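Trainee: This is the structure I have questions about; it appears just below.
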Amino acid sequence: MLTIDALPYAYEFPLGRTALIVIDMQRDFLEPGGFGAALGNDVRRLAPSIAPTRALLDAFRARGLPIIHTQEAHRPDLSDCPPSKLERGRGTLTIGDVGPMGRILVSGEPGAAIIPELAPLPGEIVIEKPGKGAFHATPLRERLTELGVTHLLFAGVTTEVCVQTTMREANDRGYECLLVEDATDSYFPEFKAATLAMIRAQGGIVGWTASSSAVLAALP
Ligand code: C5J
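The opening position of the sequence shown corresponds to residue 1 in the UniProt record's numbering, with each subsequent residue numbered one higher.
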């Protein structure tokens, strides 16, 4: 077992059974003209997490370790989008509307793509998900089982929505989860801080948090 200097205490992980999961680093959340901006958010707030996430990807790629990317994206006919999600995500544009980067959060549209800096390489698993959590209505569990993964290191956006939802889903399924503090961002800094605190509260009730430098230092 390897050890990361983490909170609330050291995180131990078996190298061959640990995957990096990068949540929804999509143009629709990080660039102007997408879903995040249509909801009135300042998308520049998500930019600081890009470089640390890239450093984690580079380290996992160099060691041949498993990498999973997720994308929040719906079928073009929106048949996988619950009416409640359509009703509540109403900004200047909503899911399925045509914006400057194509139809908002629709599979295959330019805005739904992962940003170029973090684009998946051939062979890396990409999970499209209709929900905020990456386990709901996706084959993620099956892919992790095939890989023998028991431990998950989380990066991505946004901290308190899709990252936290997926981390809680994973925690309930028995995965040992760590959120990389500087490889995740929120449009609301106070929500990010609260999420980090919630995860590691009560003895790590949802998991651990650590900096990307602590993760990189722990890799052989
Ligand atoms: C949101 C996400 N915030 N990826 N999605 O709607 O966090």
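Glycine included, C-beta positions come from ideal geometry on N, C-alpha and C. Quick caveat, the model's predicted, so the values are computed rather than measured.
Compute every distance between the C-beta of residue 133 and the non-hydrogen atoms of the ligand C5J, then say whether any falls below 8 Å.
Mentor: no
Trainee: Using only the alpha-carbon positions, how far apart do residue 262 and residue 91 sit?
Mentor: Residue 262 lies beyond the stretch modelled for the chain, which goes from 1 to 220, so this question has no answer here.
Trainee: If you check the beta carbons only, do residue 138 and residue 128 fall under 9 Å apart?
Mentor: yes
Trainee: Just to check, is the beta-carbon of residue 188 closer than 8 Å to a non-hydrogen atom of the ligand C5J?
Mentor: no
Trainee: Leaving aside the five residues before and after residue 113 along the sequence, list all residues of the same chain whose C-beta is less than 6 Å from its C-beta, in chain order.
Mentor: So the qualifying residues of the chain are 27.
Trainee: In or out: residue 52 buried (at least 16 other Cβ within 10 Å) or exposed?
Mentor: Flag for residue 52 reads buried.
Trainee: Quick check: what's the CA-CA separation for residue 94 versus residue 163?
Mentor: When rounded, the distance between both Cα atoms is 21 Å.
Trainee: Between residue 199 and the ligand C5J, is there a pair consisting of the residue's CB and a ligand heavy atom that are separated by less than 8 Å?
Mentor: no
Trainee: Is the distance from the Cβ of residue 45 to the Cβ of residue 189 below 9 Å?
Mentor: Contact check for residue 45 against residue 189 passes: the beta carbons are separated by less than 9 Å.
Trainee: Can you determine whether any heavy atom of the ligand C5J sits closer than 8 Å to the C-beta of residue 215, and answer yes or no?
Mentor: no
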